[in-house]
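One structure is given below, encoded as structure tokens.
Residue numbers (my numbering), protein chains in the order written: chain A, 24 to 450; chain B, 9 to 366.
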């Protein structure tokens, strides 16, 4: 019985390899589990943008793009399996949309020489290209987000947060813990008190945390949440009548899925945003013509234009631009992962280029370099309007406080370099 | 015909009491070892190692460990994930504190540390049993995970609470870290598993194992015939936790490379290993292997068939996979409540008579 089973497994796996395409960009997505509300729109946006490039331009530089999808369920073991299953296809870059999986893949990517692109998530100190040759996290990272949120609050309070109380409610995982050290340093610098409230995964149970918020009455609450945790938190905040305009989530806690369930109670909730949202961009006309109307929309096609769909589009756009850059540098259209890395490192996204792509003012312009894998790190703030069911941008791009962040990034990346025995580059 | 005993004469006591008294079985065992050590490492690649073999070997160690406690000594435990976490964090602290010591020694030391913790949490078993003990071990699970998440010393004050394994070499080959080759990973786990399985097999059929089984079958009767329950229960917890600790250490250091306690060693890990033991067969070393193989291979196999071969959407395949695995477990336990080990035993009985059943 066992041998028969093993031979079946063998048969299954031999048949598993899809046809080799020219540019392979795997999509490690999660459409199941507690984080599916975030995973589905992101994966759809990611797939649809590449589908558009294939249908409209015939791929990138004449090479078709293949986007094999692999379900990770936000689980690190499945993430490893997906990585191993797809890397043999000649994958150019990985974008796993999970901080836990990213941590797992950083050493593997280094050994296999395949770059990782983790916009707005992953290991923050990967912004230091001197240490993390194969990891890119522009345009912004968690510490940027924490700093931008505090800068916004400083702005609101006339530049002074002394004596204020700020609570951080966070997903009790690598992801949620990332901003703590930055916020502690910022608290010391600006004189506010920080209280930390962890929420255990998946985050459906938050009664005690919000009871504590009700008792402590912090002036502001920041949130680092993901998946179902977000909507529960917004609902709980509404239940205890916490003033929603003083409740700010990171960019992963600011999608429609997070606020719609709380109904009118969510009105005024704010979150960070690292790119624009909505369907007012010219690229959607092309998407409609080449992808949606052709019946090729990814998933159910019901996520189009949402915040996380836009983020999937943004990540795909950056990867596509980097691939184009890589083709230009390598002088060949059939690039490999090493050439892709060079493209990612030489990438420059300008206002003009985004306008050409049909995404004017969608994100911040940036230019990567050997040292700088993290981008400028600026972010905007958006606010939810429950009657119009719409996110409105309420600020322009706010730059983070590099004075606080740079030493933190250098300390953390140097600790990694020492642990992993990496010699610094770009000298 | 295949499992014949006829003509297989035993002339010494040691021959009579060997692990595989039937020659065919013995040959099968040696062939399996030969293939596992000699053939597989030549052909293994990263995918097969990381998706199939290494998790199977590590889960098999954990399943043997839990089987000693649940199957042989009759003490229910839901703390497996927590004890694996002890092994993982112990090996991490040891490897970062003493980088020059070979990793094999660290792995065994991590098992020893887990054994101590296991004995500590096994103390309630002297007063409570059954469901009450299950609840006490559940407390161990939650406490240990909370501890490793809460106290920054355990993860060397890293910003995110993640632990990442340092690179280390043995006999000139990398065995942990990203540079490790697929065959090195596989062989490292295989050697440890083989050693531990032989130890477990011999423990369970010797004095210690008989004491455990006596306690399992009827603790009062066992006490009357002279089995010390304190001794028997605590040795069961110690040996079981040692195995589970080694499994946890390998799970983090060799398989994952980086881990986060809530995600990698949560309550679902405890249940997964308990399911392996129940499906494989309580009180059977072979059952631990079979259960681990079933629950590691089946999801990977289904995924490859549904997504790779049939080209279904990944979310549909993932949902179906859960349903199929669940249905198979239920169906399987209805058909054979004593697990795959019993199925194997029956198959052997049949094979002895085949092709002339009377």
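Just so you know, even glycine gets a beta-carbon here, dropped at the ideal spot from N, CA and C.
These numbers come from a predicted model, not from an experiment.
| Query | Result |
| --- | --- |
| Starting from the C-beta of residue 388/A, find all residues in its chain whose C-beta is less than 6 Å away, skip the five residues before and the five after it, and write them out in chain order. | 372, 373 and 374 |
| Can you give me the C-alpha to C-alpha distance between residue 43/B and residue 198/B, rounded to a whole angstrom? | 12 Å |
| Starting from residue 221/A, trace the beta strand (DSSP E) in both directions and tell me its first and last residue. | 216-222 |
| Looking at the C-beta of residue 323/B, does it have a partner C-beta in chain A at a distance below 7 Å? | yes |
| Pick out the complete beta strand (DSSP E) segments inside the region 83-161 of chain A, 3 residues or longer, and give them in chain order. | 92-94 |
| Tell me whether the beta-carbon of residue 342/A lies closer than 7 Å to the beta-carbon of residue 171/A. | no |
| Find the residues of chain A that neighbour residue 38/B, judging by a C-beta separation of less than 8 Å, and give them in chain order. | In chain order: nothing, as chain A lies at least about 17 Å away. |
| Can you give, in chain order, each stretch of the beta strand (DSSP E) that sits fully within the region 137-206 of chain B and has at least 3 residues? | 176-178 and 181-184 |
| Quick one: what's got a C-beta closer than 6 Å to residue 267/A's C-beta in the same chain, skipping five residues either side? | 291 and 292 |
| Whole angstroms is fine: what's the gap from residue 378/A's alpha carbon to residue 384/A's? | 7 Å |
| Any C-beta of chain B within less than 7 Å: which residues of the region 180-200 of chain A qualify? | 195, 196, 197 and 200 |
| What does residue 297/B pair with, by DSSP beta-bridge criteria? | Per DSSP, none; premise fails for residue 297/B. |
| Quick one: residues in its chain with C-beta nearer than 7 Å to the C-beta of residue 243/B, no 5 flanking neighbours on either side, listed in chain order? | 216 |
| For the candidate residues 82/B, 195/B, 106/B and 123/B, whose alpha-carbon lies nearest to that of residue 138/B? | 82/B |
| Given this structure, state the Cα-to-Cα distance separating residue 237/B from residue 439/A, to the nearest angstrom. | 49 Å |
| Would you mind working out which of 123/B, 347/B and 282/B sits nearest residue 78/B, comparing C-alpha positions? | 282/B |
| Can you tell me whether DSSP reads residue 46/A as helix, strand or coil? | strand |
| Comparing the C-beta of residue 54/A with each C-beta of chain B, is any distance below 7 Å? | yes |
| Leaving out five residues on either side along the sequence, give the residues of the same chain with a beta carbon under 6 Å from the beta carbon of residue 319/A. | 74 |
| I'd like to know if residue 350/B contacts chain A, where contact means its C-beta is closer than 7 Å to some C-beta of that chain. | no |
| Report the residue from 49/B, 45/B and 12/B whose alpha carbon sits nearest the alpha carbon of residue 33/B. | 12/B |
| Short of 6 Å in beta carbon distance, which residues of its chain neighbour residue 224/B, apart from the five on each side in sequence? Order them along the chain. | 81 and 82 |
| According to a CB-to-CB cut-off of less than 7 Å, which residues of the region 391-405 of chain A neighbour chain B? | none |
| Please compile the residues from chain A whose C-beta is within a distance smaller than 7 Å of the C-beta of residue 55/B. | 107, 108 and 111 |
| DSSP state of residue 405/A, grouped into three classes? | strand |
| Is the beta carbon of residue 45/A sitting closer than 7 Å to the one on residue 104/A? | no |
| Identify every residue that forms a DSSP beta bridge with residue 414/A. | 407/A |
| Going by beta carbon distance, what residues of the same chain come within less than 6 Å of residue 37/A, once the five residues before and after it are set aside? | Since pLDDT at residue 37/A reaches only 43, below the 50 mark, its modelled position is unreliable, and no value is offered. |
| Is there at least one Cβ from chain B nearer than 7 Å to residue 153/A's Cβ? | no |
| Do we get a CB-CB distance below 7 Å when we pair residue 270/B with the residues of chain A? | yes |
| Does residue 168/B come within less than 7 Å of chain A when only Cβ atoms are used? | yes |
| Would you please verify whether the beta carbon of residue 75/B is less than 7 Å from any beta carbon of chain A? | no |
| Do the CB positions of residue 242/A and residue 187/A come within less than 7 Å of each other? | yes |
| Where do the ends of the beta strand (DSSP E) carrying residue 220/B lie? | Per DSSP, residue 220/B belongs to no beta strand (DSSP E); it is in the alpha helix (DSSP H), 215-225. |
| What first and last residue would you give for the beta strand (DSSP E) that runs through residue 245/B? | Careful: residue 245/B lies outside any beta strand (DSSP E), inside the alpha helix (DSSP H) at 237-258. |
| Any residues in the region 72-102 of chain B with a beta carbon nearer than 9 Å to a beta carbon of chain A? Which ones, in chain order? | none |
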